[in-house]
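Novice: Residue 25 is where the sequence shown starts when you use the working numbering, and the numbers rise one by one after that. Positions of the beta carbon are idealized from the N, C-alpha and C atoms, including for glycine. Would you mind keeping the following structure in view while I ask a few things?
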Amino acid sequence: AGRGRWGPPAGGGGAPPPPHALPPTALEFLTERHLATLTLLRPDGSPQVTPIGMTWDADAALARVITWVGSQKAKILERTGGGRAAVCQVDGGRWITLEGDAVVTGDPERAAEGVRRYTERYSPPRRDRGPDRRVIEIRVDRVIGSNSVIGS
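Below, the structure written as structure tokens:
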């Protein structure tokens, strides 16, 4: 499948387009029930790739991944103070990658919003993590994907 792109030019520069710039095909794909991968960089620069469930908040241009305090995902972001992240969702030849700056937070309201959205897209999380619940928030500023999802 071909590749399309949405976001600032490679190498930075330019303001990210408004969240509603994603075409309907991308918005639909981001609500279908698919798993994705989350890629973070460890402090030594090596990638850590984890299968995850994620949700897309088009109004805020925010991807969310729920996790818990002891997960490697949370530990990496806590150790590094945040950093770049990518989530990639694939279904055959259809795919989309959302990139941006990521943080992990235990703020109860933000964690609850992550759980609410996860429950809506997938199902309730297997375990109630209570005060150990964390949510990774990725402020998306770049999107690449197949032409069938985001066009060219």
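1. Can you check which of these residues, P71, T61, R88 and R158, is closest to R145 by C-alpha distance?
2. Between the Cα of V114 and those of G169, P48, R66 and R108, spot the shortest distance and give me the residue it belongs to.
3. For a test of the three-state rule: what should DSSP assign to L54, helix, strand or coil?
4. Taking its Cβ as the centre, do 16 or more other Cβ atoms sit within 10 Å of V111, making it buried, or is it exposed?
5. Contact between the region 59 to 67 and the region 130 to 141 is defined here as three or more beta-carbon pairs at a separation below 8 angstroms; is this criterion met?
6. May I ask you to list the residues that DSSP assigns as paired with V127?
Specialist: To lay it out plainly:
1. R88
2. G169
3. coil
4. Label assigned to V111: buried.
5. no
6. E161
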